[in-house]
Amino acid sequence: MNFTDRIAPQIRHTDKISTIQVNLGKICNLACSHCHVEAGPKRTETMSKETLQAVLEAISAHKFSTLDVTGGAPEMNAHFRWFIDEAAKITPHIIVRTNLTILLENGYEDLPKFYADHSVELVASLPCYTEENVDGMRGRGVFDGSIEALKRLNALGYGKGGNLVLNLVYNPGGAFLPGDQAELEADYKRELKSAFGVEFDHLFTITNVPIGRFRRSLEKGGKFEPYMQLLEANFNPNAAQNIMCRAQISVGYDGALYDCDFNQMEGLKAHGAKDIFELAKSGELGRQIVFRDYCYACTAGAGSSCCGALA
Numbered sequence: 259m260n261f262t263d264r265i266a267p268q269i270r271h272t273d274k275i276s277t278i279q280v281n282l283g284k285i286c287n288l289a290c291s292h293c294h295v296e297a298g299p300k301r302t303e304t305m306s307k308e309t310l311q312a313v314l315e316a317i318s319a320h321k322f323s324t325l326d327v328t329g330g331a332p333e334m335n336a337h338f339r340w341f342i343d344e345a346a347k348i349t350p351h352i353i354v355r356t357n358l359t360i361l362l363e364n365g366y367e368d369l370p371k372f373y374a375d376h377s378v379e380l381v382a383s384l385p386c387y388t389e390e391n392v393d394g395m396r397g398r399g400v401f402d403g404s405i406e407a408l409k410r411l412n413a414l415g416y417g418k419g420g421n422l423v424l425n426l427v428y429n430p431g432g433a434f435l436p437g438d439q440a441e442l443e444a445d446y447k448r449e450l451k452s453a454f455g456v457e458f459d460h461l462f463t464i465t466n467v468p469i470g471r472f473r474r475s476l477e478k479g480g481k482f483e484p485y486m487q488l489l490e491a492n493f494n495p496n497a498a499q500n501i502m503c504r505a506q507i508s509v510g511y512d513g514a515l516y517d518c519d520f521n522q523m524e525g526l527k528a529h530g531a532k533d534i535f536e537l538a539k540s541g542e543l544g545r546q547i548v549f550r551d552y553c554y555a556c557t558a559g560a561g562s563s564c565c566g567a568l569a
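Residue numbers 259 to 569, in my numbering, belong to the letters of the sequence shown in order.
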């Protein structure tokens, strides 16, 4: 069944918009097999300072309570530090989504302290707690680099249950749904603490959305249709009520507006203001949400969002 037909009419429209998620570009030091952004070292798309300034103006105009910064590796945007400096003056909650390994690269080693100084919440991708699985998805040496970065963050006070929040993200290594979030969090905490002395606050489970590189890998293996059937068969109306697009607006590197980062990668623009420049000047955030059948990934099982399970 068409996804839109499964969604109750009252939740096809946005609720109160509290989060502005900003994609700073597709440049990344990694090229992960599951990346819906299809980011990598050879990409050149990046947000300009002019567009970032418009984001700041929109935050001030609409009083967004959360700024969620993503990429690519958002840290590789040339104006990243300036943007976080300015945003910290006007919004109480900043999230940066990091791949961890960028924090070890030349020119970026100062970022852990920079994050701590600005009380930035970090959401770090670590799709498994074993080297074999992580390196298989993200490239050789990524697991070891991630562990080293986590240790450096722990040394600054991140992941200790205080105000420096460090959350990890798990996503399945194939065409299946994630396990129970609480159980996986317990497994991660036990394994990472015992093997490496690493601590973190929470684990978010995120279902792989069948777009980008992941879709192509499914199609190549003849698994796309079975995976879509799996997502649809596990539709959860309780999760559907909490889908993240109802409470956020997503900004592309060029300033265009979307309902979520997934629609952004598919080029499906949001209704309403056409870009961040218009949004910074106009007052209307409410809109009908643009859905596609891959949205079943956000409502299957316990649900999925950029902050983990929904139900």
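Even glycine gets a Cβ: it sits at the ideal position worked out from N, Cα and C.
Cβ-Cβ distances below 7 Å link T359 to N287, L288, V400, G403, S404 and A407 in the same chain, with the five nearest sequence neighbours on each side left out; the list follows chain order.
If you compare the alpha carbons of K532, N496 and D326 with that of C556, the shortest gap goes to N496.
With respect to the 9 Å criterion, F520 and S291 are not classified as neighbours on the basis of their beta carbons. If you draw a straight line from the Cα of T302 to the Cα of I278, it is about 23 Å long. Contact annotation: T272 and C503 have beta-carbon atoms nearer than 9 Å.
Exclusion of the five residues before and after F535 leaves A312 and G513 as the residues of its chain whose Cβ lies within less than 7 Å of its Cβ. Along the region 484-521, the alpha helix (DSSP H) occurs as fully enclosed runs of 4 or more residues at 495-498, listed in sequence order. Counting the other CB atoms within 10 Å of its CB gives N425 a total of 16 or more, which places it among the buried residues. At least 9 Å separates the beta-carbon of A433 from that of N391.
Taking a 10 Å sphere around the C-beta of I501, we find 16 or more other C-beta atoms and assign the residue as buried.
The region 266-331 contains, as complete alpha helix (DSSP H) runs of 4+ residues, the segments 307-320 (chain order). Apart from sequence neighbours up to five positions away, the residues of its chain that approach A346 with a beta-carbon distance below 7 Å are I352 and H376, ordered along the chain. Taking a cut-off of 8 Å for Cβ pairs, the region 484-494 and the region 304-323 do not touch, as fewer than three such pairs fall below it.
C-alpha of C518 to C-alpha of E296: approximately 16 Å in a straight line.
In the DSSP assignment, V392 is bridged to no other residue. Here P468 is near Y552, since their CB atoms are less than 9 Å apart. For F462, the enclosing beta strand (DSSP E) covers residues H460 to T463. Only residues of its own chain outside the window of five on either side were considered, and among them Y428, P436, L461 and T463 have a CB closer than 8 Å to the CB of L442, listed in chain order. In the displayed model, D343 falls within a helix according to three-state DSSP.
Between G541 and H320, the gap from beta carbon to beta carbon is short of 9 Å. When DSSP states are grouped into helix, strand and coil, T356 belongs to the strand group. In this structure, the straight-line span from the alpha carbon of L515 to that of T324 is close to 17 Å. Straight across, the Cα-Cα distance linking A374 with F493 is about 39 Å. Take L362, set aside five residues on each side of it, and the residues of its chain with a beta-carbon closer than 7 Å to its own are G403, E406 and A407, in chain order.
Each of G298, N260 and R550 was checked against the Cα of G397, and the nearest Cα belongs to G298.
For Y428, the enclosing beta strand (DSSP E) covers residues L424 to Y428. With fewer than 16 other beta carbons inside 10 angstroms of its own, M259 counts as exposed. For V400, the enclosing alpha helix (DSSP H) begins and ends at V400 to A413.
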